[in-house]
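To start, the structure under review is shown below, and the notes come after it.
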Amino acid sequence: MKLGIESIHMHIPTYALDLRDLAAERGVEFAKYQRGIGQEVMAVPAPDEDVITMGANAALGALEGVDRDAIRTVVFATESGIDQSKAGAIYVHQLLGLHSNCRTVEMKQACCSSTSALHFALSTVALHPKQKVLIVAADVARYGLGTAGEPTQGAGAVAMVVSATPRIMQVEPDAGYYTEDVMDFWRPNYRDEALVDGKYSIKVYLHALEECWKNYQQETGASFEQFDHFCYHLPFSRMGLKAHLHLAREENASLSSRELQQQIEPSLGYNRLTGNTYTASLYLGVLSLLDDDSLELENNRIGFFSYGSGCMGAFFGGTVLPGYREALKTDSRRRLLAERQFLTMDEYEAFYQFALPKDGSEFVTPRHQTGAFRLSGMKDHQRSYEKVPVAAGNAGGSTCAYAAAPFMG
Ligand code: CAA
Numbered sequence: 354m355k356l357g358i359e360s361i362h363m364h365i366p367t368y369a370l371d372l373r374d375l376a377a378e379r380g381v382e383f384a385k386y387q388r389g390i391g392q393e394v395m396a397v398p399a400p401d402e403d404v405i406t407m408g409a410n411a412a413l414g415a416l417e418g419v420d421r422d423a424i425r426t427v428v429f430a431t432e433s434g435i436d437q438s439k440a441g442a443i444y445v446h447q448l449l450g451l452h453s454n455c456r457t458v459e460m461k462q463a464c465c466s467s468t469s470a471l472h473f474a475l476s477t478v479a480l481h482p483k484q485k486v487l488i489v490a491a492d493v494a495r496y497g498l499g500t501a502g503e504p505t506q507g508a509g510a511v512a513m514v515v516s517a518t519p520r521i522m523q524v525e526p527d528a529g530y531y532t533e534d535v536m537d538f539w540r541p542n543y544r545d546e547a548l549v550d551g552k553y554s555i556k557v558y559l560h561a562l563e564e565c566w567k568n569y570q571q572e573t574g575a576s577f578e579q580f581d582h583f584c585y586h587l588p589f590s591r592m593g594l595k596a597h598l599h600l601a602r603e604e605n606a607s608l609s610s611r612e613l614q615q616q617i618e619p620s621l622g623y624n625r626l627t628g629n630t631y632t633a634s635l636y637l638g639v640l641s642l643l644d645d646d647s648l649e650l651e652n653n654r655i656g657f658f659s660y661g662s663g664c665m666g667a668f669f670g671g672t673v674l675p676g677y678r679e680a681l682k683t684d685s686r687r688r689l690l691a692e693r694q695f696l697t698m699d700e701y702e703a704f705y706q707f708a709l710p711k712d713g714s715e716f717v718t719p720r721h722q723t724g725a726f727r728l729s730g731m732k733d734h735q736r737s738y739e740k741v742p743v744a745a746g747n748a749g750g751s752t753c754a755y756a757a758a759p760f761m762g
């Protein structure tokens, strides 16, 4: 029985910051962002979007053409969840109108929980081949203004339907795992911004990669040469390159620049234009690779490395299925990226500073472009969401509604 990804889609905010502007404002050479960390544009969430609206938007696309009645489990993976108790999956389930005989749960282990969700989904579908699992991975990557982490912020979501009738990718159930208790990146409950020891986090990431790969080899006997392409967790796109060179060195594989370009570069494009999306980041990389129409990926084997600070890692493999291209929504993703509206530095900082009341008082959020769903406000400590008519919600490329937003004061 083949198990894997039947459908996959992403959502990113309509608003973005050109890192040229950030570099100029922070007195940093743009080359540091562009070449040193490999980032050019950062997605910036509007005040009326959060992980729920981004996740529901991505899931709406992933569910197109899928038998919704077969969805018996919704797993929400995030490290920027909106509630300590209630699963984000329940909000998405409601916004999408999925049927009520459904299991809904949220998973957490930094950026890696989306991969645990995928493996959980594979086990579920192996036991119940008629069922499908909807996975929603959504995050807002947020550090402090003016910190070293600032240019590696971002926001976005990826949703996947995992089933026994995959159309895009067969995912192998075996994986190499590694866990170690470290403090490279974390976010205590009382903080909105992550704390990070940046240089240390890179070292731990690379160490986890080595250990996962060793474990994967022990479990499966796989070799580096068996993979055509590699997709890594991408906190910033240059990390993918660093990771791949590190793994190649460990394996004594000497890669020509053409091989290196072919194995890793196609997966980096979306991240470079979006920034870190934590749980969604590896899968945004997968979409970047799949959407590259200069490549014919049928039957290509892909190696995946998922990393979650704190830390846990997983290495696993998958094979792209014949006819995968017909199941992709490449044009829609290109439109999302092309029709974004660029913020000025003042607008970016105002978006960044925006916060819902913390005393549960009633609040109506200003309206921005958020796709098909938006966070309409808050009352009695409860967030409320609404559907946006498609014409208003997806009118990318129109004038920036932002300037008139009430919170700008
Ligand atoms: N032109 C070209 N390159 C330049 C340059 C210039 N003018 N100036 C600097 N560079 C290069 C540097 O040489 C360096 O390259 P190497 O990595 O090859 O040495 C690179 O740009 C970055 O420069 P710095 O090391 O000086 O960068 P920094 O101190 O500003 O911090 C960072 C970079 C650690 C990534 C920081 O942005 C950060 O803390 N980000 C958040 C944490 C993070 O993303 N960690 C990744 C692993 S943890 C993880 O993966 C989980 C997760 O999602 C967070």
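Numbering (my numbering), first residue to last: 354 to 762. Glycine residues also receive a C-beta, built at the ideal position from the N, C-alpha and C atoms. Quantities reported herein were computed from a predicted structural model and do not represent experimental measurements.
- Secondary-structure assignment with DSSP links Y553 through no beta bridge to anything.
- With a minimum length of 4 residues, the unbroken runs of alpha helix (DSSP H) contained wholly in the stretch 376–461 fall at 404–415, 441–449.
- By the Cβ test, the stretch 606–620 is in contact with the stretch 636–650, since at least three Cβ pairs between them sit closer than 8 Å.
- Around D645, the same chain offers P619 as residues with beta carbons nearer than 7 Å, after the five sequence neighbours per side are excluded.
- Sequence-distant partners of Q570 (beyond 5 residues in either direction) whose C-beta falls short of 8 Å from its own C-beta, in its chain, are G529, S576.
- Set against 7 Å, the gap from the CB of H586 to the closest heavy atom of ligand 1 is smaller.
- A distance criterion of 7 Å places the beta-carbon of P541 beyond contact range of ligand 1, judged by its closest non-hydrogen atom.
- As DSSP reads the structure, G666 sits in a beta bridge with Y531, Y660.
- As DSSP reads the structure, A491 sits in a beta bridge with A510.
- Within a 10 Å sphere around the beta-carbon of K439 sit fewer than 16 other beta-carbons, which makes this residue exposed.
- Sorting L587, I443, E651, V489 by C-alpha distance to the C-alpha of Y660 places L587 at the top.
- Here V428 is near A474, since their CB atoms are less than 8 Å apart.
- Relative to the non-hydrogen atoms of ligand 1, the Cβ of E382 comes within a distance shorter than 7 Å of at least one.
- In this structure, V394 lies near L370, with their beta-carbon atoms less than 8 Å apart.
- Bridge pairing for Y738: L728 [DSSP].
- Around the CB of P519, 16 or more other CB atoms lie within 10 Å, so the residue is classed as buried.
- In the three-state reduction of the DSSP assignment, E649 falls in the coil class, being assigned neither a helical nor a strand state.
- Distance from the CA atom of V673 to the CA atom of A463, rounded to whole angstroms, is 27 Å.
- Residue pairing from DSSP places W539 in a beta bridge opposite L548.
- Within the same chain, Cβ atoms closer than 8 Å to the Cβ of L498 are found at E702, Y705, the five residues on either side in sequence being excluded.
- In this structure, the beta-carbon distance from A606 to L562 does not fall below 8 Å.
- Within the model, the alpha-carbon separation for N652 versus P742 is close to 40 Å.
- Rounded to the nearest angstrom, the Cβ distance from I390 to F657 is 22 Å, too far for a contact under 8 Å.
- Secondary structure at R720: coil, using DSSP grouped into helix, strand and coil.
- Taking a 10 Å sphere around the C-beta of N542, we find fewer than 16 other C-beta atoms and assign the residue as exposed.
- If you draw a straight line from the Cα of E533 to the Cα of L480, it is about 30 Å long.
- The C-beta of V486 has 16 or more other C-beta atoms within 10 Å across all chains shown, which makes the residue buried.
- At a cut-off of 7 Å, the beta-carbon of R688 does not count as near ligand 1: no heavy atom of the ligand is closer than that.
- The beta-carbon distance between T632 and D492, rounded to whole angstroms, is 5 Å. This is short enough to meet the 8 Å contact definition.
- As the crow flies, the alpha-carbon of F580 is around 12 Å from that of L650.
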